[in-house]
Amino acid sequence: MINFSKKFEIGASMSAMQTEGKGVTKIGQLAFDKYFQEKPELFHNNIGPDITCDITRHYKEDIKMFKEIGFDSLRTGFSWARLFPDGKNVDLQAVSFYHDYINEYRKNKIKIVMTLFHFDMPLWAHQKGGWESREVIDSFVQYCEFVFQEYGDSVDSYVTFNEPLVPVYEGYLNDRHYPAIDDPKQAVQQAYGIFLAHSKVLLAFRKYGLKAPIGVVFNWNYTYAFSNSIEDQKAAKIYDAYVNRGPLNIMFNGVIDPILIKTLKQYSILPIYSEEELLIIKQTKIDFLGINYYFPCRVKAQSNGKNRWVMDNFIIDIPKDAKINPHRGWEIYPEALYEIGMEIKEKYNNIAWYIAENGMGVENENRFRDEQGVINDDYRIEFLENHLSQIKKAIDDGSNCFGYHIWAALDCWSFRNAFKNRYGLIEINLKDQSRKFKKSAFWYKQLIANKKG
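If you're matching positions, the sequence shown starts at 1 in UniProt numbering and goes up one per residue.
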């Protein structure tokens, strides 16, 4: 088993929307609620976000289980729509709930990382234009400032956005998030609004003099050219500027990639912006970087037939000999984690970083249950070992990685996939909301116990 140092934080991630459901306090309607109401058939087994893991009622039980595994830290988040159900007035019961929730982690000596936005756009904000609306951005900043003042250093670390561009790709270029349209110009404007909101929140955070650090969690689908051809090499460079390097540079230090500007101009889809806003973005500075990694992207220079913007000139393909998770269709390639670690070291000032999400979703895990009723998820243990070994290699070669969070602590509800693919160390029985450790939880406990001074 891999031996990390005592200071290396090992824990897990989840999110507010994917675990809370409607919960014990008021919550405003989310854009995802609207999507489920309109098209429930698109959600696996017609399961929407109403109940999920019901963690607002089960959190003491869950945190006790997290402590038993030995988590050093855990990332979840605040719900904007729970704290401000109508978008304007704070709900005091929700405020109290989050105090109790955070304090339960602290009592159990588990550091708590709280994300401010994890795909849970309030419906009212979406109806005003989402991140395209400066009114929505300002309301988001006000919500964040309330959180900083109310919870302060009771939170160990703050995260502005989780996977900031996923709602853009999935909702404005695909049908996996609301509003499920395909409009590159609108997608670019929404992305710009997220960058602006991120920067404004960072500036607001600095006013309060908190000891807690603040960062962003970015999904780095490490990019490779599908082949050695000049066309694929060029395609991979441009794709990376849109999906990885470009947005990461903006959220890391406010630098906008020239490739982005050039190609957006070429297709006449530059976002609406002001010089004042660009100055705000240029002041961006994070304290740490969280990386979500599940699979690489191998880019091929091949048109998808739409020809509306530069990204229509590429497709993602998987080599025939690649190892695949058949339940998601994702390539399993742990080696990219080492390359990410080296790139952070060499191109991002070796900033403190950690793996904020990494895990394996598998369908119908019940078939792996043993005579004692425990799910023997050896496939997950193998996945973890292979990815953690690449992180250890990066650390040994000087990358400033301080931790690892598996996705997920328990079987969370997933966007549209609901509970189809299970990711947790802890299984959830949807009939009675009972919890039970999987075999991987015991392995993870040993991994944490094996840390050395």
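For glycine and all other residues, C-beta sits at the position ideal for the given N, C-alpha and C.
Residue i versus the options, residue with shortest Cα-Cα distance
i: Pro-271; options: Gly-193, Val-155 and Ile-238; result: Gly-193
i: Gln-37; options: Ile-27, Gly-48 and Ile-102; result: Gly-48
i: Phe-4; options: Phe-402, Arg-435 and Glu-231; result: Phe-402
i: Pro-334; options: Val-155, Ile-55 and Ile-355; result: Ile-355
i: Pro-326; options: Glu-9, Arg-245 and Lys-420; result: Lys-420
i: Ser-73; options: Tyr-169, Lys-436 and Ile-10; result: Ile-10
i: Cys-53; options: Tyr-423, Lys-285 and Asn-89; result: Tyr-423
i: Lys-237; options: Thr-263, Ile-250 and Met-251; result: Thr-263
i: Gly-152; options: Lys-39, Lys-207, Val-374 and Pro-184; result: Lys-207
i: Ser-399; options: Asp-91, Lys-345, Arg-106 and Ser-440; result: Lys-345
i: Ile-291; options: Lys-7, Ile-261, Ala-12 and His-99; result: Ala-12
i: Lys-64; options: Gly-87, His-44, Lys-107 and Gln-29; result: Lys-107
i: Asp-411; options: Lys-393, Gly-361, Phe-252 and Tyr-444; result: Gly-361
i: Glu-382; options: Leu-248, Phe-415, Ile-332 and Ile-428; result: Ile-332
i: Ile-250; options: Ile-280, Phe-97 and Ile-230; result: Ile-280
i: Phe-295; options: Asn-366, Gly-254, Ile-324 and Thr-160; result: Ile-324
i: Glu-132; options: Asn-162, Ala-187 and Asp-100; result: Ala-187
i: Lys-265; options: Trp-309, Lys-6 and Gln-142; result: Trp-309
i: Val-90; options: Glu-41, Tyr-143, Phe-161 and His-99; result: Tyr-143
i: Ala-191; options: Pro-247, Lys-67 and Ile-428; result: Pro-247
i: Ser-389; options: Ala-336, Phe-97 and Ala-180; result: Ala-336
i: Val-159; options: Lys-39, Ala-409 and Ile-112; result: Ile-112
Per DSSP, cross-strand counterpart(s) of residue i
i: Val-216; result: Leu-289
i: Met-114; result: Thr-76 and Tyr-158
i: Asn-429; result: Ser-434
i: Val-362; result: Arg-422
i: Lys-300; result: Ile-315
i: residue 461; result: Nothing about residue 461 can be reported from this structure: the residues present for the chain run from 1 to 453 only.
i: Ala-12; result: Leu-74 and Ile-406
i: Lys-452; result: Ser-5
i: Arg-367; result: Note: Arg-367 sits in no beta bridge, so no partner.
i: Leu-30; result: Pro-122
The ligand NAP heavy atom lying under 7 angstroms from the CB of residue i
i: Gln-189; result: As for the ligand NAP, it is missing from this structure, which has no ligand bound.
Cut-off 7 angstroms between Cβ atoms - residues of its own chain near residue i, not counting five sequence neighbours on either side
i: Glu-145; result: Ala-204
i: Ile-27; result: Ser-79, Ala-81, Arg-82 and Pro-85
i: Glu-363; result: His-327, Lys-420 and Asn-421
i: Phe-226; result: Asp-232, Arg-298, Val-299, Lys-300 and Asp-317
i: Glu-61; result: Arg-435
i: Ala-241; result: Asp-257, Ile-259 and Leu-260
i: Arg-369; result: Ile-375
Buried versus exposed call for residue i [16 or more other C-beta atoms within 10 Å across all chains shown]
i: His-198; result: buried
i: Asp-120; result: buried
i: Leu-384; result: buried
i: Lys-431; result: exposed
i: Lys-347; result: exposed
i: Asn-244; result: buried
i: Lys-438; result: buried
i: Ala-449; result: exposed
i: Gly-209; result: exposed
i: Ser-157; result: buried
i: Leu-92; result: exposed
i: Arg-57; result: exposed
i: Met-1; result: exposed
i: Ile-375; result: buried
i: Ile-286; result: buried
i: Lys-282; result: exposed
Three-state secondary structure assigned by DSSP to residue i
i: Arg-82; result: helix
i: His-405; result: strand
i: Ala-225; result: strand
i: Trp-443; result: helix
i: Arg-176; result: coil
i: Asn-325; result: strand
i: Gly-152; result: helix
i: Gly-294; result: Correcting the residue identity first, residue 294 is Tyr in this sequence and not Gly. Looking at Tyr-294 - three-state DSSP - the assignment turns out to be coil, as it is neither helix nor strand.
i: Ser-399; result: coil
i: Ala-125; result: helix
i: Asp-377; result: coil
i: Leu-210; result: coil
i: Ser-133; result: coil
i: Lys-107; result: helix
i: Tyr-354; result: strand
i: Glu-163; result: coil
i: Ser-414; result: strand
i: Asp-50; result: coil
Proximal residues to residue i (C-beta, below 6 angstroms), its chain only, five neighbours per side dropped
i: Ala-235; result: Val-299, Ala-301 and Phe-314
i: Phe-288; result: Pro-213, Gly-215 and Ala-352
i: His-177; result: Pro-167, Glu-170 and Gly-171
i: Ala-31; result: Met-121, Leu-123, His-126 and Tyr-178
i: Ala-395; result: Note that residue 395 is Ile in the sequence shown here, rather than Ala. Cys-401, listed in sequence order.
CB contact check: residue i to chain C, cutoff 8 angstroms
i: Val-201; result: In the structure shown, chain C does not exist; there is a single protein chain.
Same chain, Cβ closer than 8 angstroms to residue i, neighbours up to 5 away in sequence not counted
i: Tyr-239; result: Thr-223, Cys-297, Val-299, Met-311 and Phe-314
i: Ala-16; result: Thr-76, Gly-77, Phe-78, Ser-79, Arg-82, Thr-115, His-118 and Asp-120
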